[in-house]
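J.: Here the protein sequences come in this chain order: G and F.
Each residue of the first sequence is one higher than the last, beginning at 1 in UniProt numbering.
Each residue of the second sequence is one higher than the last, beginning at 1 in UniProt numbering.
In this text, a Cβ means the ideal position worked out from N, Cα and C, and glycines have one as well.
These numbers were taken from a predicted model, which means no experiment stands behind them.
Before I ask anything, here is the structure I am working with.
Protein chains: 2
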Amino acid sequence: MSAFRTHGRGHLNGPVVVIGTGLLGTSIGLGLRGRGVAVYLSDPSPTNQAVAVDIGAGLPLAAMGDESPELVVVASPPDVTADVVERALADYPYATVVDIASVKAAILNDLRTRSADLSRYVGTHPMAGREKSGPVAARGELFTSMPWVVCPTEESSAGAVQAARALATDLGAVVSQFTAEEHDGAVALVSHLPQVMSSLLATRLQDTPLHALSLAGNGLRDTTRIAASDPTLWVQILGANAGKVVQILYGVRDDLNRLIGTLEDPAAAGARLDLAQLMSEGNAGQARIPGKHGGPPQAYSWLTVLVDDRPGQIARLLTEIGEIGVNLEDLRLDHSSGQNVGMVEISVLPSAHDLLVEALSDRGWRVLQ
Amino acid sequence: MSAFRTHGRGHLNGPVVVIGTGLLGTSIGLGLRGRGVAVYLSDPSPTNQAVAVDIGAGLPLAAMGDESPELVVVASPPDVTADVVERALADYPYATVVDIASVKAAILNDLRTRSADLSRYVGTHPMAGREKSGPVAARGELFTSMPWVVCPTEESSAGAVQAARALATDLGAVVSQFTAEEHDGAVALVSHLPQVMSSLLATRLQDTPLHALSLAGNGLRDTTRIAASDPTLWVQILGANAGKVVQILYGVRDDLNRLIGTLEDPAAAGARLDLAQLMSEGNAGQARIPGKHGGPPQAYSWLTVLVDDRPGQIARLLTEIGEIGVNLEDLRLDHSSGQNVGMVEISVLPSAHDLLVEALSDRGWRVLQ
């Protein structure tokens with residue numbers, strides 16, 4: 001029996017065992033069941049496992065009997081993932097074993113110290129998730145078009161890598177390959193650093209008078225949105241990727257020290273230049289972030305429309321934009337404080353901007369730009 | 001002739017002189033013209049002034065002749081605002097003079113050293129604006145339901161305060177009163193600190209490989225959005241409010257140093273507790289930010305709907321939500337990378353959440369939560 005049979009080229013055949021039926025594991029089960037792949041579920045909590053079974057993510061592991069799984073997905077918390085991966089490699093000697101933890105090198109290095117058979121292991125990381133957790137919040141579509149990083153090692157067999165990639169693509173994700181170290185460096189910058197900066201900022205608001213907070217606008221809301229993240233998960237993530245994150249924070253600290261020095265004597269020669277340099281470098285960094293669908297950044301123009309806060313107004317606006325024939329590239333709401341008017345920020349191709357401003361104004365909409 | 005005649009109780013009569021026809025000054029002119037108030041415009045740049053006149057924000061100052069203005073609005077850059085205010089108080093001895101700069105104490109303190117007649121001066125700050133600048137981007141509706149802070153001093157006469165408040169309310173803004181010091185402390189926290197943190201974060205991305213940036217999600221986008229701000233303006237703002245901002249940054253630096261120490265030895269006793277504390281304090285600070293229309297924060301539940309990236313899909317979704325009878329409290333788009341599918345995040349009252357998830361699913365929408 002081939003260990004790496006595939007249903008079709010690049011697709012999973014099953015069965016797949018999912019160990020850990022939280023939000024991600026259960027969503028993986030649901031997604032695979034939606035494709036007709038047999039899934040067996042296991043979780044240390046009988047309740048979590050039962051819920052996942054009940055909502056259709058798969059059958060209890062005990063029902064698998066003598067069948068040999070094609071793939072084992074370890075969806076345990078990062079702290080215990082290496083343990084569970086090692087156990088799965090031993091329990092299922094013909095299966096590829098993948099994990100989905102948000103940090104990869106710590107787990108890989110731990111496994112290497114255990115002399116596990118890493119030819120059948122591939123670390124992965126689906127970059128999807130929701131504020132909610134647990135199996136009840138799971139959805140099979142969670143990974144659709146989201147990035148899913150696959151981290152083959154020199155030990156990984158071609159068949160194991162193929163199975164790992166098939167898991168991601170079968171769930172609708174966009175696969176990219178990184179080494180474990182590259183991955184951890186990348187997420188340290190694009191995910192862990194923003195979390196840290198947002199939390200550092202938000203902590204300053206704990207004693208702010210509500211009178212002052214009444215002046216809060218979208219700038220504060222945008223920069224503190226992810227400060228609402230779950231502490232338990234992030235303690236594990238930051239702990240596991242501490243080395244990469246702290247390297248970046250040394251740079252942030254240097255910049256912060258320099259800024260503090262400048263602001264302590266803002267009239268000094270060179271102070272303005274220092275501030276301008278910080279702002280310009282921020283401009284430059286922000287401009288490198290990819291735009292919609294991975295395309296070039298900042299390729300769109302924005303305009304703002306005032307809408308009364310009555311039901312259906314935003315729907316009517318978008319419908320009319322469609323009638324005008326302009327494609328909506330992005331949309332944001334800006335909530336005013338105190339009155340029942342909202343601002344809808346619309347982004348469109350620059351070539352469509354003026355046309356849309358004029359057409360909407362003609363139709364009676366109050367357009368700011 | 002009374003210096004403080006008002007058209008009706010709490011409304012401006014005019015004429016109003018606007019000095020400085022950039023985005024804000026021109027928008028003020030447009031808004032007041034929309035209410036039938038006579039506006040006269042002045043700008044050091046003949047081009048800026050001509051453009052503002054052309055788009056209907058008012059007449060050139062020379063056309064005012066012998067008329068005595070009721071109000072002078074100084075809409076110059078912060079650096080020269082005190083100069084312009086002092087000059088206007090002298091040139092228009094019967095007028096209230098207000099400014100609209102984003103920092104108040106520095107200007108007030110400067111004016112006090114000049115022995116200007118502060119009974120007719122009131123510092124104000126309309127908290128509105130757009131990424132674009134200049135008169136062409138101006139709109140009379142810019143201030144609708146946005147906060148406008150008015151900062152009376154012990155020297156301010158009642159009539160001057162009334163005129164300042166009338167300017168804001170006539171332009172549709174929501175007026176609040178702060179002392180100059182309170183204002184600067186408040187904006188330091190809710191506006192200047194987020195700007196600094198966003199720029200410090202974004203500067204780290206300057207050398208990030210594009211491969212790594214391909215993993216960027218909404219967390220990075222949200223926290224770096226305002227890092228695209230205009231350096232020239234922010235150098236002036238941070239310079240003028242340096243004292244308040246640096247006090248806050250001392251606290252940020254303490255937290256950052258503590259975090260770096262923890263991440264240098266993440267296995268140490270107490271490390272996890274330190275990280276959990278940072279995250280929890282961030283949760284607590286973020287939770288204090290007012291919600292929609294100044295109401296209680298975080299009173300809503302979110303769900304996510306997948307939509308194909310075809311024109312009209314989002315409009316159709318919102319229309320159906322209206323048909324289902326649920327009010328849309330907030331809306332965000334999450335752009336996936338690589339494929340033509342988008343995620344629409346909808347927030348509704350918690351009591352409507354499950355009903356909406358079920359109703360949308362019944363109608364064939366792919367709902368994630």
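(1) Candidates Thr144/G, Ile346/G, Leu215/G and Gln247/G: which alpha carbon is nearest Ala169/G's?
(2) Would a C-beta distance cut-off of 7 Å place His192/G and Cys151/G closer than the cut-off?
(3) Please report the straight-line C-alpha distance between Gln49/F and Gln286/F, rounded to a whole angstrom.
(4) In whole angstroms, what separates the C-alpha of Val174/F from that of His211/G?
(5) Check Met279/G in the structure and name its three-state DSSP category.
(6) Just the Cα atoms here: how many angstroms apart are Leu238/F and Leu368/G?
(7) Please list the terminal residues of the continuous beta strand (DSSP E) segment that includes Gly36/G.
(8) Name the residue from Pro194/F, Trp365/F, Gln177/F and Arg139/F whose alpha carbon lies nearest to the alpha carbon of Ser156/F.
(9) Pro290/G to Leu108/G, Cα distance in whole Å?
(10) If you follow the alpha helix (DSSP H) that Tyr300/F is part of, which residue opens it and which one closes it?
(11) Pull up the DSSP beta-bridge partners for Pro60/F, would you.
(12) Could you work out which residue in Ala137/F, Tyr121/F and Glu320/F is closest to Ala128/F when comparing CA atoms only?
(13) Consult DSSP for Trp234/G and reduce its assignment to one of helix, strand or coil.
(14) Using the Cα positions of Leu220/F and Asp222/G, report the straight-line distance between them to the nearest angstrom.
(15) With distances taken Cα to Cα, identify the nearest neighbour of Val39/F among Leu360/F, Ser45/F and Ser68/F.
(16) So who's on the other strand from Ile346/F, going by DSSP bridges?
(17) Would you be able to state if there are at least three C-beta pairs under 8 Å between the segment 255 to 263 of chain F and the segment 264 to 279 of chain G?
(18) Just tell me which of Arg35/F, Ser199/F, Asp66/F and Ala106/F has its CA closest to the CA of Thr179/F.
(19) Mind reading off the beta-carbon distance from Leu189/F to Leu256/G? Whole number of angstroms is fine, and I expect it under 8 Å.
(20) Let me know the secondary structure DSSP gives His11/F once reduced to three states.
(21) Against Ala242/G, what residues of chain F qualify as contacts under a CB-to-CB distance less than 7 Å, listed in chain order?
(22) Tell me whether Pro126/F sits in a helix, a strand or coil according to DSSP, three-state version.
(23) Compute the Euclidean distance between the alpha carbons of Asn241/G and Ile100/G, then round it to the nearest angstrom.
(24) Short of 7 Å in beta carbon distance, which residues of its chain neighbour Arg139/F, apart from the five on each side in sequence? Order them along the chain.
(25) Would you mind sorting Ser337/G into buried or exposed? The rule is 16 or more other CB atoms within 10 Å of its CB.
(26) Quick one: what does DSSP say Ser145/G is sitting in, helix, strand or coil?
(27) Are at least three pairs of beta-carbons, each pair with one atom in the segment 355 to 369 of chain G and one in the segment 16 to 24 of chain F, less than 8 Å apart?
(28) Within the continuous alpha helix (DSSP H) that includes Ser199/F, where are the two ends?
(29) Any idea if Glu54/F is buried or exposed, counting beta-carbon neighbours within 10 angstroms, 16 or more meaning buried?
(30) What are the boundary residues of the beta strand (DSSP E) that includes Leu71/F?
(31) Taking any Cβ of chain G, which residues in the segment 210 to 224 of chain F have a Cβ under 9 Å from it, in chain order?
(32) For Ala62/G, does the count of other Cβ atoms within 10 angstroms reach 16, so buried, or fall short, so exposed?
(33) Can you give me the Cβ contacts of Val85/G inside the same chain, cut-off strictly under 8 Å, excluding the 5 residues immediately before and after it?
(34) Is the shortest distance between the beta-carbon of Asp362/F and the beta-carbons of chain G less than 7 Å?
(35) Just grab the DSSP bridge partners of Tyr121/G for me.
(36) Give every residue of the same chain whose Cβ lies closer than 6 Å to the Cβ of Pro350/F, excluding the five residues on either side of it in the sequence, and list them in chain order.
T.: In terms of the structure at hand:
(1) The count along the first sequence starts at 1 and reaches residue 169/G at position 169. Sequence check: residue 169/G is Thr here, not Ala. It is Thr144/G whose Cα lies nearest to the Cα of Thr169/G.
(2) By one-based count along the first sequence, residue 192/G stands at place 192. By one-based count along the first sequence, residue 151/G stands at place 151. Between His192/G and Cys151/G, the CB-CB gap reaches or exceeds 7 Å.
(3) In the second sequence, the residue the question calls residue 49/F occupies position 49. In the second sequence, the residue the question calls residue 286/F occupies position 286. Gln49/F and Gln286/F have their alpha carbons spaced roughly 42 Å apart.
(4) Stepping through the second sequence from its first residue, residue 174/F is reached at position 174. Stepping through the first sequence from its first residue, residue 211/G is reached at position 211. Straight-line Cα distance between these residues: approximately 13 Å.
(5) The sequence position of residue 279/G within the first sequence is 279, counting from 1. DSSP places Met279/G in helix when its eight states are reduced to three.
(6) Taking the first residue of the second sequence as 1, we reach residue 238/F at position 238. Taking the first residue of the first sequence as 1, we reach residue 368/G at position 368. Separation of Leu238/F and Leu368/G (C-alpha to C-alpha, rounded to the nearest whole angstrom) is 27 Å.
(7) Counted from its first residue, the first sequence places residue 36/G at position 36. Run containing Gly36/G: none; DSSP gives neither H nor E here.
(8) The count along the second sequence starts at 1 and reaches residue 156/F at position 156. Looking at Pro194/F, Trp365/F, Gln177/F and Arg139/F, the one whose alpha-carbon comes closest to that of Ser156/F is Gln177/F.
(9) Position 290 of the first sequence, counted from the first residue, corresponds to residue 290/G. Position 108 of the first sequence, counted from the first residue, corresponds to residue 108/G. Those two C-alpha atoms are separated by around 29 Å.
(10) Reading the second sequence from its first residue, position 300 is the one you call residue 300/F. Note, Tyr300/F: premise wrong, no alpha helix (DSSP H); not H, not E.
(11) Against the second sequence, residue 60/F aligns to sequence position 60. Paired residues: Leu41/F.
(12) Locating residue 128/F in the second sequence gives position 128, counting from the first residue. Here the closest residue by C-alpha is Ala137/F.
(13) The sequence position of residue 234/G within the first sequence is 234, counting from 1. Here Trp234/G sits in helix by DSSP.
(14) Position 220 of the second sequence, counted from the start, is the residue given in the question as residue 220/F. Position 222 of the first sequence, counted from the start, is the residue given in the question as residue 222/G. Each residue's alpha carbon lies about 10 Å from the other.
(15) To locate residue 39/F, count along the second sequence from 1; it is residue 39. The candidate whose alpha carbon is nearest that of Val39/F is Ser68/F.
(16) Indexing the second sequence from 1 puts residue 346/F at position 346. Ile346/F pairs with Leu303/F and Leu331/F.
(17) Short answer: they don't touch.
(18) Reading the second sequence from its first residue, position 179 is the one you call residue 179/F. That would be Ala106/F, whose Cα lies nearest to the Cα of Thr179/F.
(19) Against the second sequence, residue 189/F aligns to sequence position 189. Against the first sequence, residue 256/G aligns to sequence position 256. 17 Å between Cβ atoms; not a contact.
(20) Taking the first residue of the second sequence as position 1, residue 11/F is located at position 11. Secondary structure of His11/F (DSSP, three-state): coil.
(21) Translated into the one-based positions of the first sequence, residue 242/G becomes position 242. Within 7 Å Cβ-Cβ: Leu263 and Pro266.
(22) Counted from its first residue, the second sequence places residue 126/F at position 126. Note: Pro126/F maps to strand in three-state DSSP.
(23) One-based indexing of the first sequence puts residue 241/G at position 241. One-based indexing of the first sequence puts residue 100/G at position 100. Their Cα atoms are separated by approximately 15 Å.
(24) For the purposes of this step, residue 139/F is taken as the residue at position 139 of the second sequence. For Arg139/F, where only same-chain residues beyond five positions count, the Cβ hits under 7 Å are Ser27 and Leu30.
(25) On the first sequence, residue 337/G is found 337 positions in, with the first residue counted as 1. For Ser337/G, the predicted structure reports a pLDDT of 46, less than 50, and the residue's modelled location is therefore unreliable. A value from the coordinates is still provided. It counts as buried.
(26) Counting from 1 along the first sequence, the entry for residue 145/G is found at position 145. Three-state result, Ser145/G: coil.
(27) A contact is defined here as three or more CB-CB pairs under 8 Å, and the segment 355 to 369 of chain G fails this definition with respect to the segment 16 to 24 of chain F.
(28) In the second sequence, the residue the question calls residue 199/F occupies position 199. For Ser199/F, the enclosing alpha helix (DSSP H) begins and ends at Leu193 to Thr203.
(29) The residue you call residue 54/F lines up with position 54 of the second sequence. Note that residue 54/F is Asp in the sequence shown here, rather than Glu. Classification of Asp54/F: exposed, given that the 10 Å Cβ count is below 16.
(30) Position 71 of the second sequence, counting from 1, holds the residue named residue 71/F. It spans Leu71 to Val74 - the beta strand (DSSP E) in which Leu71/F sits, taken as one unbroken run.
(31) Leu210, His211, Ala212, Leu213, Ser214, Leu215, Ala216, Gly217, Asn218, Gly219, Leu220, Arg221, Asp222, Thr223 and Thr224
(32) Taking the first residue of the first sequence as 1, we reach residue 62/G at position 62. Around the beta carbon of Ala62/G, a 10 Å sphere encloses fewer than 16 other beta carbons of the protein chains shown; the residue is thus reported as exposed.
(33) Locating residue 85/G in the first sequence gives position 85, where the first residue counts as 1. Same-chain partners within the cutoff: Val74, Val97, Asp99, Ile107, Leu111, Ala116 and Tyr121.
(34) Reading the second sequence from its first residue, position 362 is the one you call residue 362/F. Answer no: the Cβ-Cβ gap between Asp362/F and chain G never drops below 7 Å.
(35) Position 121 of the first sequence, counted from the start, is the residue given in the question as residue 121/G. The partner list for Tyr121/G (beta bridge, DSSP) reads Val97/G.
(36) By one-based count along the second sequence, residue 350/F stands at place 350. Hits under 6 Å: Ser301.
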